[in-house]
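Peer 1:
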Amino acid sequence: MVPMETMPEEAARINELASAYKKSQVLFTALDAGVFPLLEEARTADAVAAALGWHPRGIRMLLDGLVALDLATKESGRYRNTPAASACLVPGGSDYVGHIVRHQHGAYDAYAGLADAVRDGGQAGRPPRRRTPGELESFILGMADLGRRAAQAILDLVDLSAYRNMLDVAGGPGTYSAAFVQRHEGLRATIMDRPGVIDIARQQIREAGLDGRFTFIAGDVLADDMGAGYDLILASNIIHAYGHEANRLLFKRCFAAMAPGGLLVINDFLVDDGRTGPPECLLFAIHMLVMTTTGGDTYTFADVEAWTRDAGFVDGRPLTASPRPRLWLARKP
Ligand SMILES: C[S@@+](CC[C@H](N)C(=O)[O-])C[C@H]1O[C@@H](n2cnc3c(N)ncnc32)[C@H](O)[C@@H]1O
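Quick note: the sequence shown uses our numbering, first residue 28, plus one each step.
1. Label ARG129 either buried or exposed according to how many other C-beta atoms from any shown protein chain fall within 10 Å of its C-beta, with 16 as the threshold for buried.
2. Mind checking ALA39: buried by the 16 CB within 10 Å criterion, or exposed?
3. Which whole runs of the alpha helix (DSSP H) in the stretch 292-341 are 4 residues long or more, in chain order?
4. Write down every uninterrupted run of the alpha helix (DSSP H) in the stretch 77-111 whose length is 4 residues or greater and which is fully enclosed by it, in chain order.
5. Which of the three DSSP states, helix, strand or coil, is assigned to MET170?
6. Leaving out the 5 sequence neighbours to the left and right, which residues in its chain are closer than 6 angstroms to ILE181 when beta-carbon positions are compared?
7. Helix, strand or coil for ASN264 per DSSP?
8. Among the residues of its own chain, which have a CB less than 7 angstroms from the CB of SER113, if the five just before and after it don't count?
9. Could you check if LEU310 is buried or exposed, using at least 16 other CB atoms within 10 Å of its CB as the buried criterion?
10. Using a 10 Å radius around the Cβ and a threshold of 16 neighbouring Cβ atoms, would you call GLU164 buried or exposed?
11. How many angstroms separate the CA atom of THR325 from the CA atom of PRO110?
12. Would you tell me roughly how many angstroms separate the C-alpha atoms of TYR138 and ALA47, rounded to the nearest one?
13. Look at the alpha carbon of PRO345 and the alpha carbon of ARG70, and state the distance between them as a whole number of angstroms.
14. From LEU316, LEU276 and TRP81, pick the residue whose C-alpha is nearest to that of GLY148; which is it?
15. Taking the straight line between their C-alpha atoms, what separation do you get for GLY8 and GLN230?
16. Check the C-beta distance from THR123 over to ALA72 and give it rounded, since I have them as a contact under 8 angstroms.
17. Who does TYR257 pair with in a DSSP beta bridge?
18. Provide the residue span of the alpha helix (DSSP H) that contains ALA144, from first to last.
19. Taking 8 angstroms as the cut-off, decide whether the C-beta atoms of GLY254 and ILE244 are in contact.
20. Under three-state DSSP, which class holds VAL53?
21. Locate the beta strand (DSSP E) running through THR217, then write down its first and last residues.
22. Can you tell me the Cβ-Cβ gap for ALA348 and LEU184, rounded? I've got them flagged as a contact below 8 angstroms.
23. Nearest-angstrom Cα distance between TYR269 and PHE278?
24. Expressed to the nearest angstrom, what Euclidean distance is found between the alpha-carbon atoms of THR319 and GLY104?
25. Please determine whether the Cβ atom of VAL124 lies at a distance below 7 angstroms from any heavy atom of ligand 2.
26. My output table needs one value for ALA205: the three-state DSSP class, helix, strand or coil.
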């Protein structure tokens, strides 16, 4: 039983949970309005309101909200970005996450339907989500926002120096394979993803100055030709989009596309076998419940062990750092 003296603190924590959406909306509104680039200079609320053509009363409250969230400071009536807001929320900032914040904003309406998805399992005849070009760009560049540091963390955990020819399956913007190729001079990479995403990946790879070392395949990783002879295949953040059967098929196809002796690296929100954590991975399953119509979920190490073993891979093993990455490695004999 919870001791009485902790009750107020716990009650406050629960009220915080209930109110968290208000803070998200302050952030989304400021980002979408273009407040953060303006606050690179100290400005009054009236000056920000005039620059945006928005109401001074609303802007004053929004900017005070940013102060409350430690995203702005206020001195002598002038607001300015905190260092965190400059780095993370101004385009070109060193740790820019504006794309992924927009992507999170895009999921807001879907979460309003969480109760329905829980009640019917998220399957009952929902039409597949069609992303607008703007939503697709936020999603895919959001993956780049998240992937830059994560790719370095994988490189620090796994020695990839022996590999020459990798497939980044469902590679999105190619952030991981770009980092791998940059770290290992002898490595070339192929990114396979859907056509609209491949257009974004090509641009990302061009901007990184890596065109000469990349090949692109626009297609369906569950149906189309993936190429062959890869000695390294990365399946990063793809299994959570699908159910067990599609994932079994995906790894059979990866096995067929891989050269003997090759390495498979799975990077995902892998859950502990008893599904007790980590918290981020448990919560991400709910994101898949509301966002996918393809049976998305988060999976345990035991799940990926079974799929990869059935496909023919051997020597499967987990490899993790806290909080992420959470990897599964296996080899083709
Ligand atoms: C969550 S993103 C991960 C992107 C990248 N691997 C990463 O970790 O940053 C999932 C990607 O899988 C792609 N995808 C999903 N199903 C696919 C399919 N059947 N064929 C090709 N690409 C697919 C999506 O277009 C998207 O780029």
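We treat Cβ as the ideally placed atom computed from N, Cα and C, and that holds for glycine.
Peer 2: Reading from the atomic positions:
1. Burial state of ARG129 is buried, judged by a 10 Å Cβ sphere holding 16 or more other Cβ atoms.
2. It is exposed - the Cβ of ALA39 has fewer than 16 other Cβ atoms within 10 Å.
3. Taking only runs of at least 4 residues, the alpha helix (DSSP H) segments lying wholly in the stretch 292-341 are 306-318 and 328-338.
4. If we require 4 residues or more, the alpha helix (DSSP H) runs fully inside the stretch 77-111 come out as 83-95.
5. Shown here, MET170 sits in a helix according to DSSP, grouped into three states.
6. Excluding positions up to five away in sequence, the list reads PRO352.
7. In the structure shown, ASN264 sits in coil (DSSP, three-state: anything other than H, G, I, E or B).
8. GLU67 and GLY120.
9. In the assembly as shown, LEU310 is an exposed residue. Its beta-carbon has fewer than 16 other beta-carbons within 10 Å.
10. Around the beta carbon of GLU164, a 10 Å sphere encloses 16 or more other beta carbons of the protein chains shown; the residue is thus reported as buried.
11. For THR325 and PRO110, the distance between alpha carbons rounds to 34 angstroms.
12. CA-CA distance, TYR138 to ALA47, rounds to 13 angstroms.
13. Looking at the two C-alpha atoms, the distance is approximately 51 angstroms.
14. It is LEU316 whose Cα lies nearest to the Cα of GLY148.
15. Absent from the model: residue 8. The displayed extent of the chain is 28 to 360, so no value can be given.
16. The residue you asked about is not Thr; residue 123 is Tyr in the sequence shown. Not quite, the Cβ-Cβ distance comes to about 25 angstroms (not below 8 angstroms), so this is no contact.
17. MET285, per the DSSP bridge assignment.
18. Residues 141-147.
19. One thing to note: GLY254 has its Cβ within 8 angstroms of the Cβ of ILE244.
20. Of the three classes helix, strand and coil, the one that applies to VAL53 here is helix, per DSSP.
21. From DSSP, the beta strand (DSSP E) with THR217 extends over 215-220.
22. Rounded, the Cβ-Cβ distance is 6 angstroms, consistent with contact.
23. Looking at the two C-alpha atoms, the distance is approximately 12 angstroms.
24. CA-to-CA, the gap between THR319 and GLY104 works out to about 45 angstroms.
25. Ligand 2 is not among the ligands present in this structure, which contains only ligand 1.
26. Correct three-state label for ALA205: helix.
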